[in-house]
Amino acid sequence: RRGQPVEILISPREGTLVARSADAQFLKRIEIAKPLTISDILPHLPVVDPEAPRRVIVYPGGAPPRIGIELSTPAGRKRKVMVDPVTGVPLSQ
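For the sequence shown, the positions run 704 to 796 when the working numbering is used.
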């Protein structure tokens, strides 16, 4: 078993999350079901367009980064899904 870095690409415009390994042998794509949209990516970066895709690298044996996405409905309901950096477990708020 080999540990490899994994890139996570979050694309609000397309409503997708893509995870792939450095050697491209692992690829997982998740499409957010309509009418839900990715309305925010956390943490905020001051220079980045909020609609631009965001890339995060996860390293084997390393601590998971504190990242999250906010999903919203056309009615204005919102839900945040964050990754706990200590345990790596997703948390929903």
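Virtual Cβ for every residue (Gly too), placed ideally from N, Cα, C.
- The beta carbon of residue 791 sits closer than 7 Å to the beta carbons of 767 from its chain, once the five residues preceding and following it are set aside; these are given in chain order.
- Setting aside the 5 residues that flank it on each side, residue 742 is surrounded in the same chain by 773, 775, each with a C-beta closer than 6 Å to its C-beta; the list follows chain order.
- Annotated as proximal: residue 709 and residue 729, with beta-carbon spacing under 8 Å.
- Sequence-distant partners of residue 788 (beyond 5 residues in either direction) whose C-beta falls short of 8 Å from its own C-beta, in its chain, are 766, 767, 768, 769.
- Comparing C-alpha distances from residue 751 to each of 780, 796, 785, 714 shows the shortest one belongs to 714.
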